[in-house]
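Undergrad:
Protein chains: 2
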Amino acid sequence: METKTALTALTGLAHTTRLSIFRLLVPAGAPGLAAGQLGEALRLPPATLSFHLKELRHAGLLTQRRAGRTLYYAADYTAMNALLAYLTENCCQADAGGCEAVCAPVPARKRRSSSATRRPL
Amino acid sequence: METKTALTALTGLAHTTRLSIFRLLVPAGAPGLAAGQLGEALRLPPATLSFHLKELRHAGLLTQRRAGRTLYYAADYTAMNALLAYLTENCCQADAGGCEAVCAPVPARKRRSSSATRRPL
DNA sequence: ACCATATTTCCAAAATAATGGAAATATGGA
DNA sequence: TCCATATTTCCATTATTTTGGAAATATGGT
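Chains as they are written, first to last, in the numbering used here: chain A, 1 to 121; chain B, 1 to 121.
1) Using 10 angstroms around the beta-carbon of T6(A), count the other beta-carbons present and answer buried if the total reaches 16, otherwise exposed.
2) Helix, strand or coil for A74(A)? Go by DSSP, reduced to three states.
3) At a Cβ threshold of 8 Å, is L13(A) touching chain B?
4) Using a Cβ cut-off of 8 Å (strictly closer), state whether A6(B) contacts chain A.
5) So A14(B) packs on Y73(B), CB below 8 Å; how close in whole Å?
6) How is the beta strand (DSSP E) around L7(A) delimited, first residue to last?
7) So, is G68(A) buried or exposed, given that buried needs 16 or more other C-beta atoms within 10 angstroms?
8) Report yes or no: is there a C-beta of chain B within less than 8 Å of the C-beta of P27(A)?
9) Just to confirm my understanding: we take A41(B), look at its own chain, exclude 5 residues before and 5 after, and list those with CB closer than 7 Å. What are they?
10) From the DSSP secondary-structure annotation, give me the bridge partner or partners of L42(A).
11) Give the DSSP bridge partners of L87(A), in chain order.
12) Just to confirm my understanding: we take L19(B), look at its own chain, exclude 5 residues before and 5 after, and list those with CB closer than 8 Å. What are they?
13) Along chain A, in chain order, which residues have C-beta atoms closer than 9 Å to that of T48(B)?
14) Buried or exposed: H52(A), going by 16 or more other Cβ atoms within 10 Å of its Cβ?
15) Cβ closer than 9 Å: which chain B residues qualify as neighbours of T17(A)?
16) May I ask whether a heavy atom of the ligand GDP can be found less than 7 Å away from the beta carbon of S50(A)?
17) Note the first and the last residue of the continuous alpha helix (DSSP H) segment covering L19(B).
18) Comparing C-alpha positions only, which one of F22(A), M1(A), M80(A), S50(A) sits nearest to T70(A)?
19) Please state the DSSP three-state secondary structure of R57(B).
20) For A34(B), which of helix, strand or coil comes out of DSSP?
21) CB G60(B) to CB A28(B), shorter than 8 Å?
22) Starting from R65(B) and walking both ways along the beta strand (DSSP E), at which residues does that stretch end?
23) For A79(B), which option in P45(B), P31(B), L62(B) has the closest C-alpha, if you only look at C-alpha atoms?
Structural data, given as structure tokens:
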């Protein structure tokens with residue numbers, strides 16, 4: 001992934017409203033949610049919502065699909081994965097302690113709290 | 001991880017200069033790099049560099065360590081992991097296709113390009 | 001053709017973030 | 001104490017982003 005791409009993705013997520021939108025869409029999967037549903041859930045004026053949806057879409061984080069009058073937005077998992085990969089690239093190159101402890105994949109048995117048991121999207 | 005924390009972390013990374021700094025520090029591991037080294041590598045005026053380092057530090061992404069006159073900065077892997085976990089929380093809840101294909105952990109054998117073979121930091 | 005709904009685009013005002021020179025602080029050495 | 005090096009803080013200027021009302025566009029139903 002190119003730096004510029006990663007940067008737009010990060011900028012996309014670096015805003016309260018947009019992060020909320022994205023996080024509503026992550027569990028929603030491929031069908032996604034209608035713009036209206038998002039607007040109601042987050043209580044946003046249409047223009048504001050639309051602005052942020054465009055932003056996220058241009059950042060490659062959302063896909064758009066029309067069904068009749070309503071536009072459905074869904075999280076783009078592939079883009080998300082690419083971003084995560086970009087951020088963690090070349091981790092653990094240095095051998096000085098502190099890295100390995102955290103870098104090592106979490107053992108399958110005895111999982112820690114959800115925040116520590118990430119798996120690829 | 002709290003939304004607010006994730007948001008500061010994302011805002012921290014959502015800037016060319018800061019993303020560059022962070023990515024220089026990721027492979028540098030625990031010893032990190034001196035502010036001066038970063039400034040030289042990125043050709044930044046001291047005030048600008050300092051501004052961004054503070055930003056990253058307040059975002060919890062960097063740790064600071066003094067050795068004599070020089071300040072060393074290092075990437076905070078724990079914070080990074082928490083952020084990644086936060087972003088991917090509740091992935092794959094919906095069963096409609098498109099998610100599983102991407103969500104499934106990459107098979108150990110026959111690894112794809114580096115951008116597809118992320119492992120925890 | 002006309003009306004209703006869903007959503008977007010336009011745009012100007014308001015808010016927020018970034019830049020870098022100059023002065024200040026911190027540390028170490030002679 | 002005095003000087004040099006490393007880095008930060010101060011702060012005014014400049015640049016970028018966000019907001020939301022009003023008007024425009026898109027689609028579907030009658």
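Each residue gets a CB set at the ideal place from its N, CA and C atoms; glycine is no exception.
TA: Taking the geometry as given:
1) Looking up residue 6(A) in the first sequence gives position 6. Residue identity check: residue 6(A) is Ala in the sequence provided, not Thr. Answer is buried; the Cβ neighbour count reaches 16.
2) Along the first sequence, read from residue 1 onward, the residue named residue 74(A) stands at position 74. Here A74(A) sits in strand by DSSP.
3) Here the question's residue 13(A) lines up with position 13 in the first sequence. At least one chain B Cβ lies under 8 Å of L13(A).
4) Reading the second sequence from its first residue, position 6 is the one you call residue 6(B). With 8 Å as the cut-off, A6(B) counts as an interface residue toward chain A.
5) Taking the first residue of the second sequence as position 1, residue 14(B) is located at position 14. Taking the first residue of the second sequence as position 1, residue 73(B) is located at position 73. About 18 Å separates the two Cβ atoms, so there is no contact after all.
6) Translated into the one-based positions of the first sequence, residue 7(A) becomes position 7. First-last for L7(A): 3-13, but that is the alpha helix (DSSP H), not the beta strand (DSSP E).
7) The residue given as residue 68(A) occupies position 68 in the first sequence. The Cβ neighbour count for G68(A), taken over all protein chains shown within 10 Å, is under 16; the residue is labelled exposed.
8) As a first step, residue 27(A) is located in the first sequence; it is residue number 27 there, counting from the start. Taking Cβ atoms only, chain B reaches closer than 8 Å to P27(A), which makes this a yes.
9) Position 41 of the second sequence holds residue 41(B). For A41(B), where only same-chain residues beyond five positions count, the Cβ hits under 7 Å are L24.
10) Counting from one through the first sequence, the residue named residue 42(A) turns up at place 42. Beta bridge pairing from DSSP links L42(A) with no other residue.
11) For the purposes of this step, residue 87(A) is identified with residue 87 of the first sequence, where counting begins at 1. None, per the DSSP bridge assignment.
12) Indexing the second sequence from 1 puts residue 19(B) at position 19. So the qualifying residues of the chain are L13.
13) Start at 1 with the first residue of the second sequence, and residue 48(B) comes out as number 48. Simply none; closest approach about 17 Å.
14) Start at 1 with the first residue of the first sequence, and residue 52(A) comes out as number 52. H52(A) is buried by the Cβ-count criterion.
15) Start at 1 with the first residue of the first sequence, and residue 17(A) comes out as number 17. Neighbours of T17(A) on chain B: none; closest Cβ ~10 Å, over 9 Å.
16) The model on display carries no ligand, and the ligand GDP is accordingly not part of it.
17) On the second sequence, position 19 is the one that residue 19(B) refers to. Counting along the chain, the unbroken alpha helix (DSSP H) around L19(B) starts and ends at 16-25.
18) As a working mapping, residue 70(A) is identified with position 70 in the first sequence. It is S50(A).
19) For the purposes of this step, residue 57(B) is taken as the residue at position 57 of the second sequence. Correct three-state label for R57(B): helix.
20) Locating residue 34(B) in the second sequence gives position 34, counting from the first residue. DSSP places A34(B) in strand when its eight states are reduced to three.
21) If you number the second sequence from 1, residue 60(B) lands on position 60. If you number the second sequence from 1, residue 28(B) lands on position 28. Cβ distance not < 8 Å, so G60(B) and A28(B) don't count as in contact.
22) Locating residue 65(B) in the second sequence gives position 65, where the first residue counts as 1. Here the beta strand (DSSP E) through R65(B) covers 62-67.
23) On the second sequence, residue 79(B) is found 79 positions in, with the first residue counted as 1. Minimum Cα distance to A79(B) is reached at L62(B).
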